[in-house]
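Encoded as structure tokens, the structure appears first; notes follow it.
Residue numbers (this note's numbering): 23 to 359.
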């Protein structure tokens, strides 16, 4: 199942002239080494500690051989591959390894598997990595755990936008990948349906006229058109399409990506990882609760429900008030405030 991320990781590394580093972590249980007196000036390891050391060395050797086999299977012309065996807690080791190396620009992992109607649980290790790293994270569904050769072709890259600067933070990375792969970009914005637009948190439903709803759709469409023109100006020859869909944001994004058979979804996530979860252990909440806290409900549902791989980019904090004002001025209007 973990190898299901290899095709996309290898392809993206190849087209961006990056190095693919395949990593595995072996969990080493901490143990105390016992010593007995043999000579006043020397010490000697007990048989028990010697056995533990031999077992650990054997496990390390198995891990190296496994990664070497992966390297042989993934090897293709022009792709540079490195192998790395880490020891310790899987999530904490991966996070520490990625954060300490500025050359690592993306982490690719699989989700755990499918559970329930169209929902993919992230898995404990994936959630802990997600909640603890600032690196972009590519999440790939395991598709039954069947490994396929690293040959992915990209035709459509979906970028969900809500008019905010935070969401637009995904555009640069998406544009780079589209240019490298020859894919078209599909900019998607979601507008509430007329019925949902008039629904207040209190449960009271205010009537919304169709002309007002159509004006909302037109505002969002104009925003997408301006964004698409800017993308094309920055990257001549890039194919950029736009689509406004009605419904709930996550469901609409999932439906659009499935209907267009999108090869990749690139989106920014709102929030930031908690400082006490930087060790990859998830902090309070145990099994990945921290991932939900900054992923946001929309991104989480998209990851769980879309068939396409999802590249999550951590939104950077905008400290300059003028940036916020500029972004707010460009956002489509809202009928219900």
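All C-beta atoms in this analysis are idealised placements derived from N, C-alpha and C, irrespective of residue type, glycine included.
Could you tell me the boundaries of the alpha helix (DSSP H) in which residue i lies?
i, result
"residue 279", "271 to 281"
"residue 215", "Note, residue 215: premise wrong, no alpha helix (DSSP H); not H, not E."
"residue 243", "232 to 256"
"residue 319", "319 to 327"
"residue 188", "187 to 190"
"residue 331", "Note, residue 331: premise wrong, no alpha helix (DSSP H); not H, not E."
"residue 29", "28 to 37"
Would you decide whether residue i is buried or exposed? Buried here means 16 or more other CB atoms lie within 10 Å of its CB.
i, result
"residue 44", "buried"
"residue 233", "exposed"
"residue 125", "exposed"
"residue 204", "exposed"
"residue 27", "buried"
"residue 41", "exposed"
"residue 91", "exposed"
"residue 290", "buried"
"residue 331", "buried"
"residue 97", "exposed"
"residue 120", "buried"
"residue 354", "With a pLDDT of 44 at residue 354, under the threshold of 50, the predicted position of this residue should be treated as unreliable, though the coordinate-derived value follows. Residue 354 comes out buried."
"residue 11", "The chain is shown from 23 up to 359; residue 11 falls before or after that span and cannot be answered."
"residue 123", "exposed"
"residue 80", "exposed"
"residue 84", "exposed"
"residue 87", "exposed"
"residue 65", "Residue confidence is low: residue 65 scores 49 on pLDDT, short of 50, so the model does not pin down where it sits. Its coordinate-derived value is still stated next. So residue 65 ends up on the exposed side."
"residue 271", "buried"
"residue 214", "buried"
Since residue i sits in a beta bridge, which residues does DSSP pair it with?
i, result
"residue 291", "336"
"residue 182", "210"
"residue 265", "210"
"residue 199", "According to DSSP, which records beta bridges pairwise, residue 199 is partnered with nothing at all."
"residue 286", "179"
In the DSSP assignment, find the beta strand (DSSP E) that holds residue i and state where it starts and stops.
i, result
"residue 42", "41 to 48"
Measuring only between beta-carbons, confirm whether residue i sits less than 7 angstroms from chain C.
i, result
"residue 212", "This model lacks chain C altogether; it includes just one protein chain."
Subject >> 4-residue-minimum alpha helix (DSSP H) runs that sit fully inside the region 81 to 162, ordered along the chain >> reply: Counting whole runs of 4 or more residues, the region 81 to 162 contains the alpha helix (DSSP H) stretches 112 to 122 and 146 to 154.
Original post:
Does the region 98 to 105 come close enough to the region 23 to 42 to have 3 or more Cβ pairs within less than 8 angstroms?
Top reply: Yes, they touch.
Original post:
For the 8 angstroms Cβ check, are there 3 or more pairs between the region 144 to 163 and the region 175 to 189?
Top reply: Because the criterion of three Cβ pairs below 8 angstroms is not met, the region 144 to 163 and the region 175 to 189 do not touch.
**OP:** Spell out a yes or no on whether the region 153 to 163 and the region 255 to 272 are touching, meaning 3 or more CB-CB pairs, one atom from each, closer than 8 angstroms.
**Re:** No, they do not touch.
**OP:** Answer yes if the region 322 to 331 comes into contact with the region 185 to 195, meaning at least three C-beta pairs across the two stretches below 8 angstroms, and no otherwise.
**Re:** No contact exists between the region 185 to 195 and the region 322 to 331.
Subject >> Given 8 angstroms, three or more beta-carbon pairs between the region 242 to 258 and the region 272 to 292 >> reply: Segments in contact, no.
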